[in-house]
Amino acid sequence: DAKTTQPTSMDCAEGRAANLPCNHSTISGNEYVYWYRQIHSQGPQYIIHGLKNNETNEMASLIITEDRKSSTLILPHATLRDTAVYYCIVRGRNTGGFKTIFGAGTRLFVKA
Amino acid sequence: NAGVTQTPKFQVLKTGQSMTLQCAQDMNHNSMYWYRQDPGMGLRLIYYSASEGTTDKGEVPNGYNVSRLNKREFSLRLESAAPSQTSVYFCASRDRDGETQYFGPGTRLLVL
Numbered sequence: 001d002a003k004t005t006q007p008t009s010m011d012c013a014e015g016r017a018a019n020l021p022c023n024h025s026t027i028s029g030n031e032y033v034y035w036y037r038q039i040h041s042q043g044p045q046y047i048i049h050g051l052k053n054n055e056t057n058e059m060a061s062l063i064i065t066e067d068r069k070s071s072t073l074i075l076p077h078a079t080l081r082d083t084a085v086y087y088c089i090v091r092g093r094n095t096g097g098f099k100t101i102f103g104a105g106t107r108l109f110v111k112a
Numbered sequence: 001n002a003g004v005t006q007t008p009k010f011q012v013l014k015t016g017q018s019m020t021l022q023c024a025q026d027m028n029h030n031s032m033y034w035y036r037q038d039p040g041m042g043l044r045l046i047y048y049s050a051s052e053g054t055t056d057k058g059e060v061p062n063g064y065n066v067s068r069l070n071k072r073e074f075s076l077r078l079e080s081a082a083p084s085q086t087s088v089y090f091c092a093s094r095d096r097d098g099e100t101q102y103f104g105p106g107t108r109l110l111v112l
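As structure tokens, this is what we get:
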């Protein structure tokens, strides 16, 4: 699985868009980009994933660059409840190991 | 549909004691995982089970054993607990064709 690099922490004002970057320069052609988040003391929660096209769901949007070496998770209208650690993960779909390795992630603070 | 459940929620052990952390999922998922999370850090994979009857080591398997009792249940055993195993333990499951992992609420373990 490709390695990812994320900023340690970010701030965002409530009601504004939160843009969380992730670098994955060693991503291979069959690897997907996944985003999870972990609100304090809870288990991680799936947010969104994509291969090469931009994706949107009820929680967030995922923008993947054309060369697929980086991506951005966008929370369009951040609320205080979005304060959490956000993990960017790159892995192949249904690869033999079925493993998902979580790094340190980005700690997002949404401020009133 | 309870999702992924874990027992116990909290546990205090003395060094050298043994215990088993229980995990069960009711989503008929094939693969199950055990992670540990130390303060301020991401999740590290201990063991995983790609399907019933199989288990494999993750990043940090030393000091742990696992049993995939059936499709629903995946237990983690500490034979001789050490203070370095103080952590929060998360269990997760994923369907073979599914895109997301579902996490349990965690077990907080303190080894004195």
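Chains A and B, in that order, are what the protein sequence lines are.
Residue 98 in the working numbering is what sits at position 98 of the first sequence, and the numbering runs on without skipping anything.
Residue 21 in the working numbering is what sits at position 21 of the second sequence, and the numbering runs on without skipping anything.
Yeah, the Cβ is synthetic: ideal placement off N, Cα and C, and Gly gets one too.
Please read these numbers as outputs of a predicted model, since none were measured by experiment.
Going along chain B, which residues have a C-beta under 8 Å from residue i?
i	result
A:L21	Looking at the sequence provided, one finds Pro at residue 21 of chain A rather than Leu. Simply none; closest approach about 17 Å.
Going along chain B in order, which residues have a C-beta closer than 7 Å to the C-beta of residue i?
i	result
A:F139	Residue 139 of chain A lies beyond the stretch modelled for chain A, which goes from 1 to 112, so this question has no answer here.
A:A104	M41 and G42
Counting only Cβ pairs nearer than 8 Å, list the residues of chain A close to residue i.
i	result
B:F10	None at all; the shortest Cβ gap to chain A is about 12 Å.
List the residues that DSSP assigns as beta-bridge partners of residue i.
i	result
B:T15	Paired residue(s): none; B:T15 is not in a bridge.
B:A24	B:T5 and B:E73
B:Y102	B:S93
A:A13	A:K111
A:P44	DSSP, once it has assigned bridges, lists no residue as partnering A:P44.
A:R37	A:Q45 and A:Y86
A:E31	A:G92
B:Y47	B:W34 and B:K57
B:R68	B:F74
Quick one: which chain E residues come within Cβ less than 9 Å of residue i?
i	result
A:P7	This model lacks chain E altogether, as its protein chains are A and B.
What is the DSSP secondary structure of residue i, counted as helix, strand or coil?
i	result
B:L112	coil
B:Q37	strand
A:P21	strand
A:R68	coil
A:L51	coil
A:G97	Bear in mind that the predicted position of A:G97 carries a pLDDT of just 44, short of 50, making it unreliable; the figure below should be weighed with that in mind. Three-state DSSP puts A:G97 in coil, outside helix and strand.
B:S87	strand
Return the chain-ordered list of same chain residues with a C-beta closer than 7 Å to the C-beta of residue i, the five sequence neighbours on each side being excluded.
i	result
B:S87	R36, Q37, D38 and L109
B:G63	L78, A82 and Q85
A:A13	K111
A:M59	I47 and I48
A:L80	E14, V110 and A112
For residue i and chain B, any beta-carbon pair shorter than 8 Å?
i	result
A:E14	no
Taking CB distances under 8 Å as the criterion, tell me whether residue i reaches chain A.
i	result
B:P61	no
B:G106	yes
Give the interface partners of residue i over in chain A, defined as CB-CB distance under 7 Å, in chain order.
i	result
B:T100	Y46
B:F103	G43 and P44
Here's a check: name, in chain order, each residue in its chain whose Cβ is nearer than 6 Å to the Cβ of residue i, leaving out the five neighbours to either side.
i	result
B:S114	Beyond the ends of chain B as shown, which are 1 and 112, falls residue 114 of chain B; an answer cannot be given.
B:T20	S75 and R77
B:F10	R108
B:K71	E52
A:K69	S25
A:I39	A84
Given that residue i touches chain A, what residues does it touch there, using C-beta distances under 9 Å?
i	result
B:G53	Per Cβ cutoff of 9 Å: no residues; B:G53 is ~14 Å from chain A at best.
B:F74	Here the premise fails: no neighbours, minimum Cβ distance about 13 Å.
Starting from residue i, find everything on chain B with Cβ-Cβ shorter than 9 Å and list it in chain order.
i	result
A:Y87	G42 and L43
Tell me which same chain residues have a C-beta within less than 8 Å of the C-beta of residue i, skipping the five on either side of it?
i	result
A:A17	I74, L75, P76, H77 and A78
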